[in-house]
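To start, the structure itself, in structure tokens.
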Amino acid sequence: MKKRILVTGGEGFIGSHLIDRLISIGFDTASFDAHLNFIDNHRYFNRCFKLRKKHLKVSSKIYRGDIRNKESIQRVVADFSPEVVVHLAALPMARVSEKYHHDMRTINLDGTLNVLEVFEQSQARKIIYTSSSMAYGHFKQTPIAENNLLTPENLYGATKAAGEYFVKLSKKDWVIIRPTSVYGFTDCSNRVTQLLIDTAILKKPAWIIKGEILDFSYIDDVVDGFIKCITLPQAIGQTFNISKGEGRAVSEFAKLVKVYFPKFSYQIRKADNHQVWRGSLDISKAKRILGFTPKYRIEEGIQKILELIKEYNFYKGLN
Numbered sequence: 003m004k005k006r007i008l009v010t011g012g013e014g015f016i017g018s019h020l021i022d023r024l025i026s027i028g029f030d031t032a033s034f035d036a037h038l039n040f041i042d043n044h045r046y047f048n049r050c051f052k053l054r055k056k057h058l059k060v061s062s063k064i065y066r067g068d069i070r071n072k073e074s075i076q077r078v079v080a081d082f083s084p085e086v087v088v089h090l091a092a093l094p095m096a097r098v099s100e101k102y103h104h105d106m107r108t109i110n111l112d113g114t115l116n117v118l119e120v121f122e123q124s125q126a127r128k129i130i131y132t133s134s135s136m137a138y139g140h141f142k143q144t145p146i147a148e149n150n151l152l153t154p155e156n157l158y159g160a161t162k163a164a165g166e167y168f169v170k171l172s173k174k175d176w177v178i179i180r181p182t183s184v185y186g187f188t189d190c191s192n193r194v195t196q197l198l199i200d201t202a203i204l205k206k207p208a209w210i211i212k213g214e215i216l217d218f219s220y221i222d223d224v225v226d227g228f229i230k231c232i233t234l235p236q237a238i239g240q241t242f243n244i245s246k247g248e249g250r251a252v253s254e255f256a257k258l259v260k261v262y263f264p265k266f267s268y269q270i271r272k273a274d275n276h277q278v279w280r281g282s283l284d285i286s287k288a289k290r291i292l293g294f295t296p297k298y299r300i301e302e303g304i305q306k307i308l309e310l311i312k313e314y315n316f317y318k319g320l321n
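Numbering (my numbering), first residue to last: 3 to 321.
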């Protein structure tokens, strides 16, 4: 019998790519997702969502529901009987913490507590919790390792850090993953990588923050890390940074986009008071324990995204 994996937020960016991979290697999967949109461009969001869902409908069960409703989670778990729960459902955009502070709290905190409570009462044996590099706050050093104190600087990071402490109280098996700056095709969370490619293609103005350095992590590599945390017994009870492990200036990413779109231009602005200064994650623990080996630098990642955009004619009608 195939191992059953339930992914909360399974129609989101990371979740949909993860389910695709799980199906390809023989797992029985289900997605539980509320289909919530927190970006202004509804047409763009809906196109991403439909494309993700088109793939999932072929081989994965799809459940609609909100993790803030504990009864809906209970119904899904009772129907699907997962052995592993991958908890990705969240409001994933740190930039909208103030605008959607109520949703940020109720989804990322209350929703996570609901998922954990149902998990504890179910037959599932393991939960994978998705945290964030934002839980570290300003990086005190770079690369930053998992044993650094969590001192989040915004509501998003605080909710993710709190979730980690809740997960560690579980009496069952758990793994915590801290990804960062994940990018790839069908991302619609207004991350800087997506915005730079969007504005270049749509010939719109763009801007970046002066001096910002990020650990750009291509989606395929991040999914590799999730798969290892799901399948390897040595991952249990551990927290892992999952990223490329290489800090690159956002200006480098913008210049690489400009190679493909010579007329693309962007402004450089000073950071505001809400800026969280990050850098690279130390992934030596994931390499040592999991055999995690990320492959994509931003040069290859950008090329891959543009190939997929062309293949799916993604921007047709979005101008």
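We treat Cβ as the ideally placed atom computed from N, Cα and C, and that holds for glycine.
Three or more beta-carbon pairs separated by less than 8 Å are not found between the segment 92 to 107 and the segment 246 to 255, which leaves the two stretches without contact. Ranking Lys-56, Val-87, Asn-116, Asn-48 by CA distance to the CA of Ser-74 puts Asn-116 first. A check of alpha carbon separations from Ile-291 across Glu-166, Arg-54, Val-177 identifies Val-177 as the nearest. In chain order, Asp-284 place their CB closer than 6 Å to the CB of Ala-147, counting only its own chain and leaving out the 5 sequence neighbours on each side. Boundaries of the beta strand (DSSP E) harbouring Lys-128: 128 to 132, taken from the DSSP string.
Taking each of Lys-265, Val-86, Leu-90 in turn and checking the Cα distance to Gly-14, the smallest one comes out for Leu-90.
Excluding five sequence positions before and after Ile-211, the CB atoms of its chain that fall closer than 7 Å to its own CB belong to Val-252, Arg-271, Ala-273, Gln-277, given in chain order. Assignment of beta-bridge partners to Pro-181 by DSSP yields Ile-244.
Positions of the alpha helix (DSSP H) runs, each at least 4 residues long and wholly inside the segment 53 to 91, are given as 72 to 82 in order along the chain. Gln-143 and Ser-286 have their C-alpha atoms roughly 15 Å apart. Comparing alpha carbon positions, the residue from Leu-24, His-19, Asn-71 closest to Ala-36 is Asn-71.
Under the three-state reduction of DSSP output, Leu-308 falls in the helix class.
Gly-139 and Tyr-220 do not touch by the CB rule: their CB atoms are close to 25 Å apart, not below 8 Å. Gln-269 is bridged by DSSP to Trp-209. Distance from Asp-175 to Arg-97 at the Cβ level is roughly 33 Å; contact not present, criterion being Cβ atoms closer than 8 Å. The beta carbon of Val-88 is closer than 6 Å to those of Val-9, Ile-130 in its chain, skipping five residues each way along the sequence. Assignment of beta-bridge partners to Phe-34 by DSSP yields Thr-10, Tyr-65. In this structure, Ile-232 and Val-86 form a Cβ contact; the two beta carbons are roughly 6 Å apart against a cut-off of 8 Å.
When DSSP reads this structure, Tyr-220 sits in a beta bridge with Tyr-185. In terms of CA proximity to Asn-156, Ala-137 leads the group Ala-137, Leu-320, Ser-172.
Per DSSP, the continuous alpha helix (DSSP H) segment holding Ser-18 begins and ends at 15 to 26.
Here Asp-175 is bridged, per DSSP, to Lys-128. Residue state for Arg-107 is assigned as helix, using DSSP reduced to three classes. The three-state reading of DSSP puts Leu-151 in coil, since its state is none of H, G, I, E or B. By the C-beta density criterion, Ile-238 is exposed, having fewer than 16 other C-beta atoms within 10 angstroms.
Contact annotation: the segment 185 to 205 touches the segment 258 to 268, with at least three C-beta pairs closer than 8 Å. The straight-line gap separating the alpha-carbon atoms of Ile-16 and Gln-76 is approximately 23 Å.
For the pair Val-224 and Cys-50, the Cα-to-Cα distance works out to about 19 Å.
With 16 or more neighbouring CB atoms inside 10 Å of its own CB, Gly-12 falls in the buried class. In this chain, Asn-39 is not harboured by any alpha helix (DSSP H), its DSSP state being neither H nor E. The DSSP-derived three-state label of Arg-250 is strand. Membership of Asn-116 in the alpha helix (DSSP H) is indicated by the continuous run 114 to 123.
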